[in-house]
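Let me begin by presenting the structure, written as structure tokens, before commenting on it.
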Amino acid sequence: MVEEQGHLDTLYEHLDSLREEASGHLSRTLREGGGTPADRSHRDSQAALYTDRIAQYSAVENGLCFGRLDLTAGGGEVRYIGRIGIFDEENDYEPLLIDWRAPASRPFYLATAAAPDGVRRRRHIRTERRTVTGLDDEILDLNEAHETGRGAHDGVTGEAALLSALNASRTGRMRDIVETIQAEQDHVIRADLNGVMVVQGGPGTGKTAVALHRAAYLLYTHRQMLSSRVVLIVGPNATFLRYISQVLPSLAETGVLLGTMGDLFPGVVAHREEPAEIAEIKGRAVMADVLAAAVRDRQRVPDEPLKLRLDLLDGAEVVLDPSVIEDARDRARRTGKLHNLARPTFDTEIIHALSLLIADTIGLDPYADDPLGGGDAPGDPQLLDEADLAEIRRELRGEAEVLAALDWLWPILTPQQLLAGLFASDKRLAAAGADPRLKRAPREGWTPADVPLLDEAAELLGEDETVLEILAERRRRQQVAYAEGALEIAFGSRSIDVEDEDDPELLSVTDLLEADRLAERQDEGEALTPAERAAADRKWAFGHVIVDEAQELSAMAWRLLMRRCPSRSMTVVGDVAQTGDLGGASAWGDALEPYVGARWRLRELTVNYRTPAEIMAVAAGVLAGIDPGLQPPRSVREAGVDPWVRGVAPVKLGDALAEAVEQEAEAAGAGRLGVILPGGTFEDLVPHVRKAAPDAAIGEEPDLTARVAVLTVKQAKGLEFDGVIVVDPERIVEESPRGANDLYVALTRATQRLGILHPGSLPESLLAVVGI
-3 MVEEQGHLDT
7 LYEHLDSLRE
17 EASGHLSRTL
27 REGGGTPADR
37 SHRDSQAALY
47 TDRIAQYSAV
57 ENGLCFGRLD
67 LTAGGGEVRY
77 IGRIGIFDEE
87 NDYEPLLIDW
97 RAPASRPFYL
107 ATAAAPDGVR
117 RRRHIRTERR
127 TVTGLDDEIL
137 DLNEAHETGR
147 GAHDGVTGEA
157 ALLSALNASR
167 TGRMRDIVET
177 IQAEQDHVIR
187 ADLNGVMVVQ
197 GGPGTGKTAV
207 ALHRAAYLLY
217 THRQMLSSRV
227 VLIVGPNATF
237 LRYISQVLPS
247 LAETGVLLGT
257 MGDLFPGVVA
267 HREEPAEIAE
277 IKGRAVMADV
287 LAAAVRDRQR
297 VPDEPLKLRL
307 DLLDGAEVVL
317 DPSVIEDARD
327 RARRTGKLHN
337 LARPTFDTEI
347 IHALSLLIAD
357 TIGLDPYADD
367 PLGGGDAPGD
377 PQLLDEADLA
387 EIRRELRGEA
397 EVLAALDWLW
407 PILTPQQLLA
417 GLFASDKRLA
427 AAGADPRLKR
437 APREGWTPAD
447 VPLLDEAAEL
457 LGEDETVLEI
467 LAERRRRQQV
477 AYAEGALEIA
487 FGSRSIDVED
497 EDDPELLSVT
507 DLLEADRLAE
517 RQDEGEALTP
527 AERAAADRKW
537 AFGHVIVDEA
547 QELSAMAWRL
557 LMRRCPSRSM
567 TVVGDVAQTG
577 DLGGASAWGD
587 ALEPYVGARW
597 RLRELTVNYR
607 TPAEIMAVAA
617 GVLAGIDPGL
627 QPPRSVREAG
637 VDPWVRGVAP
647 VKLGDALAEA
657 VEQEAEAAGA
667 GRLGVILPGG
677 TFEDLVPHVR
687 KAAPDAAIGE
697 EPDLTARVAV
707 LTVKQAKGLE
717 FDGVIVVDPE
727 RIVEESPRGA
737 NDLYVALTRA
747 TQRLGILHPG
757 SLPESLLAVV
767 GI
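This is the structure in structure tokens:
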């Protein structure tokens, strides 16, 4: 241990030196002047670089070095494995610590006694802050292992370290597994970047942790590409994202964007709950056709002639025939442009038709052969030339009634306006071929299921960049005007001798700096990270997308994600046996093949590290009821505590729950207890939980660091607790659109203890396994 402490001290000396060096660079960079826009951009990028480095060095402070490999080759070469790479600059950059993602570190995770890969001994180094607290050795050389009696186990690598991590109390935040990655997990983490890879795994197999470590690995391996294009990680809800939020920073990676499906349309907050059957309707693939029809429906052709009173004609009327409007609409559609981008074509056609009607009204017909010209020429002499007609068209574009008519016939729409208008009108729903159950009040907030529809609408409508360009130019002119004023003040406040006023050799600020250049210098812009820019840009193309609990995604949600990742470089993580949403996937091929055909690959995780065998035996009965062909993952350990089942009278359920919470919270010690309730009993049972645990975390986004958290099954997905109490499993099954799946999720959240409290009958899938 003395040897390892000495090496650890050396590593921390280098880490402190690296941090101090980065801090010095950052301080000097921030003191640099503005200069040209290029200079400022370089300064900001350098400042961001050093800030990130300092954050990375701070993030790896704990658990910096966790492993050592003693090799048989190279004269007994020793490799230390840790969270980052550290090199001895004074000794030809000799590696003092090898990043866990580097190829040289891989034997630490894969070597076995049967296939040692040149490793004689693997050592797990346990530390607390900067102190070595313990060592666990695995001898992979069979002869040496026989002599010492300290051979490696066949089932898992680093068994002592793994079991120590699994048995440790939960903290309410997911921890990284960098010290205990197992072989089947490593194969997933280091898989090739390209293509869609599905990671199917049952409860406790570490799917989420593997996905996060894969993100860290890909950022390390493809830094140049992914740091600028960003990795997107999509989770099921905000509680889950907070739960996993510390994993990547602990692996010295911060250049990712975490979000839920409800976060993926910039400027829209979409967290409102809605009935499961409505969300399922919105998620159907046919909604893409519905929205396309809804856009066409807003390109109106009236049934009756359209009458317009024009100031140009002193209030006289002109009448547009529906056939003229229909022809203008068809011409705009034939451009192939998106709805908003085709509006100028429609405007031009209508204005042109109106100008000919006005010409015809005053006895002119310069375009007698034009189908929009109103028929045969009256034969009157032509009094106006093309310039006069152009003036008429210009004046028409300022007519209030004309502008109102254009906005009604072919409105410029935002996705929000299109969708809100569709949902608020029975007539529009019918015209678009939509399910009438989608009708809702106009002011209701957006839901997560609306976001893919908003995104689809944006793709159909298009965004007119002309408005943005006009606003940018207006802002630039304002800055130039302000700069001109500043220069005039500077010139007028000169303090020079009278005799020098006409001295041509004397330079002023206006001789050296023009107003537009001064304005340019003041336009600092926002120094956003790539992840921040990606979050604000709906059209951002991500370098890689990781989707957790992916089995819950609807067909429309998959359309959105595929647009966000045109390269189709994705890691899809989930378990179809845990699908809870009506619109979710029952098979991966159903979800993916519309976009990538058969060009996706499946990796399976089969070992359950979280859920002990005693609990998994209960959950296995529920799994068999979902699909007899599904196999539960194999648990690597036993907790030594059998799950308990307690039936009570319905009127005593609250008191029994309070008693159970008090007992199980005490049994969890420093760990965390999760109480999973059916949604319909939440309000009635929460006061009883608070009676036993006044500080219990309850709500839409509960604080998982609290000792007791009360959740629905949907909130509990992807989370883990030391102990779990599942209340009224029969009602959980009845309330959920996929009840058995949700019960399976609820039963597999615990790492140590499970209790089932029920006020009546139990689901049949539980009766046999609990012995009732």
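Take -3 as the starting number for the sequence shown in my numbering and just add one per residue. Every residue, glycine too, gets a C-beta built ideally from N, C-alpha and C.
- Within the region 693 to 732, the runs of alpha helix (DSSP H) that reach at least 4 residues and sit entirely inside it are, in chain order, 709 to 712, 725 to 731.
- By the Cβ rule, the region 270 to 279 counts as touching the region 566 to 584, because three or more pairs are nearer than 8 Å.
- Non-local beta-carbon contacts of H3 in its own chain, meaning distances under 7 Å to residues more than five positions away in sequence, involve Y76 in chain order.
- Nearest in C-alpha terms to W640, of all of I611, D623, G621, R630, is I611.
- Less than 8 Å divides the Cβ of L306 from the Cβ of E395.
- Distance from Y53 to L93 at the Cβ level is roughly 13 Å; contact not present, criterion being Cβ atoms closer than 8 Å.
- DSSP, reduced to helix, strand and coil, places T123 within a strand of the structure shown.
- Excluding five sequence positions before and after A615, the CB atoms of its chain that fall closer than 8 Å to its own CB belong to P199, T607, P628, Y740, L743, T744, given in chain order.
- Going by DSSP, H754 is part of the beta strand (DSSP E) stretching over 746 to 754.
- Counting the other Cβ atoms within 10 Å of the Cβ of R727 gives 16 or more, which makes it buried.
- M566 is a Cβ neighbour of V543, given a cutoff of 8 Å.
- L598 sits exposed, since fewer than 16 C-beta atoms from the chains shown fall within 10 Å of its C-beta.
- Secondary-structure assignment with DSSP links F83 through a beta bridge to P91.
- Looking at the backbone, the Cα of V569 and that of G481 are separated by about 59 Å.
- CA-to-CA, the gap between L337 and G458 works out to about 6 Å.
- Distances from the alpha-carbon of G751 to those of R389, V723, Q178 put V723 closest.
- Counting along the chain, the unbroken beta strand (DSSP E) around R599 starts and ends at 596 to 601.
- Q52: member of the alpha helix (DSSP H) spanning 33 to 55, first to last residue.
- H267 sits in coil when the DSSP states are folded into three classes, being neither helix nor strand.
- DSSP places F236 within a helical segment (H, G or I) once states are collapsed to three.
- K303: not part of any alpha helix (DSSP H); member of the beta strand (DSSP E) spanning 302 to 306, first to last residue.
- Distance check between L302 and each of L353, A248, R210 places L353 closest, using alpha-carbon atoms only.
- Going by beta carbons, L669 and F717 fall inside the 8 Å limit.
- The distance from the Cβ of N604 to that of T201 is about 6 Å, consistent with a contact at the 8 Å cut-off.
- Boundaries for I177: no alpha helix (DSSP H) harbours it, and the DSSP string shows neither H nor E there.
- With a contact defined as Cβ atoms closer than 8 Å, G251 and I240 miss out at about 16 Å.
- The C-beta distance from A454 to R534 rounds to 6 Å, short enough to fall under 8 Å.
- Comparing C-alpha distances from K687 to each of A661, G675, P698, L309 shows the shortest one belongs to A661.
- L237 is a Cβ neighbour of T256, given a cutoff of 8 Å.
- Within the same chain, and ignoring the five residues on either side of L449 in sequence, the residues whose Cβ sits closer than 7 Å to its Cβ are K278, M283, L287, L415, M552.
- Distance from the CA atom of D446 to the CA atom of R280, rounded to whole angstroms, is 12 Å.
- Burial state of G695 is exposed, judged by a 10 Å Cβ sphere holding fewer than 16 other Cβ atoms.
- Secondary structure in the region 628 to 681: the beta strand (DSSP E) runs of 3 residues or longer, each lying completely within the stretch, are 640 to 643, 669 to 672 in chain order.
- If you draw a straight line from the Cα of R27 to the Cα of A43, it comes to about 10 Å.
- The count of Cβ pairs closer than 8 Å, one atom from the region 730 to 740 and one from the region 620 to 637, reaches three, so the stretches are in contact.
- Per DSSP, A157 is one residue of the alpha helix (DSSP H) stretching across 155 to 163.
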